[in-house]
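Everything on this sheet refers to the single structure shown next.
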Amino acid sequence: MLKFIPTPIGNPQDITIRALRYFEEATLFLCEDTRETKRLLRLLEERFDFSYPDVEFLSFHEHNGEERLSEISERLSNESVVYVSDAGMPIISDPGQILVEYCQKNSIEYDVLPGASAVTTAYAASGFKDGKFLFFGFLPHKGSERSSQLIDAMNRKDNVILYEAPHRIEKLIEEIALIDESRELFFAKEISKKFQNYYRGTAKDILKQFKTINSKGEWVVVIESKKEQSKSLHVDDILAFDLQPKIKAKLLAKITDRSVKSWYQELINR
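Each residue of the sequence shown is one higher than the one before, starting from 335 at the first, in the numbering used here.
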């Protein structure tokens with residue numbers, strides 16, 4: 335049987351008793367990064383009543399997942415196998431999704447333990463009143479695809495949660511402020527770790543704060559949903575973006591009554 339085990343996103347004391355028990359029973363560990371998993375297990379052995387398992391550790395990630403499945407398919411049914419991400423809830427923004435789909439298609443028994451999640455933790459800490467949110471994960475690193483997805487997120491009627499890397503976090507705030515500097519945001523840095531911090535305010539205010547903030551660490555961003563009084567993207571705004579015609583046409587179609595094809599024809603004829 336395959337078990338998906340959440341691991342602490344910061345404080346090791348967040349590990350569950352059931353997770354420790356399954357770790358000790360396992361005959362095979364599938365890991366997003368075997369080094370990170372072994373480091374965590376040694377830490378747990380030092381601090382808790384836990385015995386480091388003498389078993390096989392195999393990497394399983396987006397680059398080798400399909401190939402790895404051909405090697406371990408029989409073991410998933412016949413052994414006690416666990417899968418762990420580097421930190422947090424497996425499967426969410428994580429290659430573990432490949433394993434879930436494989437188990438479902440091949441009638442292999444599996445279980446997912448509840449546990450730490452940066453998404454729900456950050457949202458609970460945000461204080462935003464609306465109980466609904468959309469999780470976008472990481473935006474593309476750059477280019478028109480990044481601009482398109484951020485604009486899409488900013489125009490949603492539900493709150494949106496993003497992950498962002500430390501070297502791009504200030505850039506993200508600048509991009510949000512260009513679209514709507516008055517939009518309310520919440521930033522959670524290093525959740526449950528020693529240097530955990532929360533920041534809430536408008537994009538304009540938080541951008542000022544970031545001039546003196548150490549951006550190193552893991553970031554979760556909550557963008558409040560677009561309200562009636564919030565600034566909206568208009569046709570002229572989108573036309574001014576440096577985007578490919580196909581991307582512009584899709585965005586323009588979303589905020590007007592015209593089709594993507596109609597806008598695309600106009601753009602290429604300009």
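Built from N, CA and C at the ideal position, the CB exists for glycine as well.
- prompt: Mapping DSSP to helix, strand and coil, what is Asp348?
  reply: It is helical.
task: Could you check the C-alpha separation between Gln530 and Tyr386 for me, to the nearest Å?
output: Each residue's Cα considered, the two are about 29 Å apart.
Residue(s) in a DSSP beta bridge with Asp445: Note: Asp445 sits in a beta bridge opposite Lys337.
query: With DSSP run on the structure shown, which of helix, strand or coil describes Ala360?
result: If DSSP states are grouped into helix, strand and coil, Ala360 belongs with coil.
message: Output needed for Gln563: all residues of its chain with C-beta closer than 7 Å, excluding positions within five of it in sequence on either side, in chain order.
response: Low confidence applies to Gln563: its pLDDT is 48, below 50, so where it sits in the model is not reliable enough to give any reading.
- request: Hey, could you find the ends of the alpha helix (DSSP H) Tyr598 is sitting in?
  value: Following the DSSP letters along the chain, one finds Tyr598 inside the alpha helix (DSSP H) bounded by residues Val594 to Ile602.
query: DSSP puts Leu392 in a beta bridge; with which residues?
result: The bridge partners DSSP lists for Leu392 are Leu364.
Own chain, CB closer than 7 Å to Leu473, minus 5 neighbours either side, in chain order: Excluding five sequence positions before and after Leu473, the CB atoms of its chain that fall closer than 7 Å to its own CB belong to Arg480, Gln483, Leu484 and Leu496, given in chain order.
- request: Provide the residue(s) that pair with Ala522 in DSSP beta bridges, ordered along the chain.
  value: Beta-bridge partners of Ala522 (DSSP): Tyr532 and Val554.
- prompt: Since Thr371 and Phe391 are thought to touch, with beta carbons under 8 Å apart, how far apart are those beta carbons, to the nearest angstrom?
  reply: That pair is a contact at about 7 Å.
query: Where does Glu498 fall in DSSP's three states?
result: Correct three-state label for Glu498: strand.
task: Just tell me which of Ala499, Val494, Leu374 and Phe575 has its CA closest to the CA of Ser460.
output: Taking the Cα of Ser460 as reference, the smallest distance to any Cα among Ala499, Val494, Leu374 and Phe575 is reached at Val494.
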